[in-house]
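Enquirer: Pasting in a structure now, in structure tokens, and then I'll have a few things to ask.
Residue numbers (my numbering): 649 to 816.
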């Protein structure tokens with residue numbers, strides 16, 4: 649009989665201990681309601697993490713714009729204005745025009761605006777062509793091919809990139 653009483657007392661104590669800490673990992677006991685309430689621990693298990701470490705949220709990226717403007721100087725030579733990594737198309741175009749004009753360019757016009765990628769400018773005997781792509785090499789290839797269809801002696805004059813910027 650003493651053995652049975654001891655066994656019941658041990659079972660009762662184990663249930664008492666379970667009631668106090670009976671929440672699964674990542675939760676703690678709390679609340680004033682009848683019965684056990686398990687409350688999530690702040691930051692526990694974020695992104696599947698079960699070690700209690702807080703992992704950062706997914707990064708946020710902001711689009712970045714670039715633009716190219718072409719004009720002529722007083723001698724009739726071509727002038728290139730460029731802008732990279734601006735937060736809007738309008739600002740990039742305005743900066744490219746200002747860059748062209750600052751080099752004594754007149755009749756400057758936007759020839760290409762792009763975002764989150766690279767641009768290449770190919771200059772030939774009779775034509776300037778631009779192209780944008782995921783990297784400078786691909787943009788250069790496209791610009792030279794485009795230029796070569798209507799002009800001779802095409803070569804890369806400028807490449808630039810406006811990749812997205814991490815903001816968080």
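The C-beta atom is built at its ideal place from N, Cα and C for all residues, glycine as well.
Quick one, which of 717, 799 and 811 has its alpha-carbon nearest residue 750's?
Expert: Nearest of 717, 799 and 811 to residue 750, Cα basis: 717.
Enquirer: Quick one: Cα of residue 793 to Cα of residue 730, how far?
Expert: 21 Å
Enquirer: What do you reckon, are the CB atoms on residue 784 and residue 714 nearer than 8 Å?
Expert: Taking 8 Å as the cut-off, the beta carbon of residue 784 is found no closer than this to the beta carbon of residue 714.
Enquirer: May I ask you to list the residues that DSSP assigns as paired with residue 743?
Expert: Its beta-bridge partners do not exist; DSSP assigns none.
Enquirer: For residue 816, I'd like the list of residues in its chain whose CB is within less than 8 Å of its CB, leaving aside the five on either flank, ordered along the chain.
Expert: The beta carbon of residue 816 sits closer than 8 Å to the beta carbons of 705, 707 and 708 from its chain, once the five residues preceding and following it are set aside; these are given in chain order.
Enquirer: Applying the 10 Å Cβ sphere with the 16-neighbour rule, what's the burial state of residue 801?
Expert: exposed
Enquirer: Where residue 733 and residue 768 are concerned, what is the direct C-alpha to C-alpha distance, given to the nearest angstrom?
Expert: 15 Å
Enquirer: With the cut-off set at 8 Å, would you say residue 720 and residue 754 are in Cβ contact?
Expert: yes
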